[in-house]
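K.L.:
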Amino acid sequence: MSKQTELAWIAEARKHIGLSEIVGTKGHNTTILGWLKKLGAWWAEDETPWCGTFVGYCLQFTGRFVVKHWYRAKDWANAGTKLSKPAYGCLVIFNRSGGGHVGFVVGKDARGNLMVLGGNQSNKVSIAPFSTDRVVAYVWPSFGNGVPSIPDPKRYDLPILSSNGNVSTNEA
């Protein structure tokens, strides 16, 4: 990818790489609880799948549009301009058994897998490889007022990131 300014929502997302939920009922990650509160959740625990919470927080924090049902991964398909292929920083929505998953495209690996920065990937914020076979949609997020936007064409030139090639299969 040619040198470009980092997208605000990706810069915010990267700050949280490594943040993990507290598995079980003995506690909950206070950062995730804070995201839930800012987004108006009616629950306060990190056991409920939180990929949409992570995406919602990063987009809200940087003034981008947040869908009404931000906690439903597949609802993010309505968050902006549908793209025919992935662009650096776009939302990617996946099918999974029992629901969906949402994250941000930040590259691809040498095997052609998407490299996705997302929450609730093995119970943490991480960059992980995903097969394109599960993609439901690629979406460029709208501005905060809902006005559509599109990526700079250079963002379609995805950087190649290192990966072990073990693609994610279930993010619940």
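Each residue of the sequence shown is one higher than the last, beginning at 0 in numbering that gives the first Met the number 0. Where a beta carbon is used, it is the ideal one built from N, C-alpha and C, also for glycine.
#1: Helix, strand or coil: which one does DSSP assign to residue 69?
#2: Got a sec: does the ligand COA put a non-hydrogen atom nearer than 7 Å to the Cβ of residue 23?
#3: Between residue 6 and residue 88, what straight-line distance do the alpha-carbon atoms span, to the nearest angstrom?
#4: So, using beta-carbon positions, are residue 138 and residue 92 closer together than 8 Å?
#5: Just how far apart, CA to CA, sit residue 13 and residue 110?
#6: Might you give, ordered along the chain, the residues of its own chain that have their beta carbon closer than 6 Å to the beta carbon of residue 168, omitting 5 neighbours on each side?
#7: Report yes or no: do three or more beta-carbon pairs, one from the stretch 43 to 52 and one from the stretch 79 to 88, lie closer than 8 Å?
#8: List the DSSP bridge partners of residue 126.
#9: So for residue 54, helix, strand or coil by DSSP?
#10: Cβ atoms of residue 20 and residue 31: under 8 Å apart, would you say?
#11: Does the beta-carbon of residue 68 have 16 or more other beta-carbons within 10 angstroms, so that it is buried, or is it exposed?
#12: Would you check if the stretch 98 to 107 and the stretch 115 to 124 touch, i.e. whether three or more CB-CB distances between them fall below 8 Å?
P.N.:
Answer, in terms of the structure:
#1: Against the sequence shown, residue 69 aligns to sequence position 70. Residue state, collapsed to three classes: coil.
#2: The ligand COA is absent from the structure shown, which contains no ligand whatsoever.
#3: What you label residue 6 is simply residue 7 of the sequence shown in a count that begins at 1. What you label residue 88 is simply residue 89 of the sequence shown in a count that begins at 1. Roughly 7 Å separates the two Cα atoms.
#4: As a position in the sequence shown, residue 138 is number 139, starting the count at 1. As a position in the sequence shown, residue 92 is number 93, starting the count at 1. Cβ atoms of residue 138 and residue 92: closer than 8 Å.
#5: Translated into positions along the sequence shown, residue 13 becomes position 14. Translated into positions along the sequence shown, residue 110 becomes position 111. Those two C-alpha atoms are separated by around 23 Å.
#6: The count along the sequence shown starts at 1 and reaches residue 168 at position 169. Within the same chain, residue 168 has no close Cβ partners at all.
#7: no
#8: One-based indexing of the sequence shown puts residue 126 at position 127. Paired residue(s): 116.
#9: The sequence position of residue 54 within the sequence shown is 55, counting from 1. Residue 54: helix per DSSP, three-state reduction.
#10: What you label residue 31 is simply residue 32 of the sequence shown in a count that begins at 1. What you label residue 20 is simply residue 21 of the sequence shown in a count that begins at 1. Taking 8 Å as the Cβ cut-off, residue 31 and residue 20 qualify as a contacting pair.
#11: Within the sequence shown, the letter at position 69 stands for residue 68. Under this definition residue 68 is an exposed residue.
#12: yes
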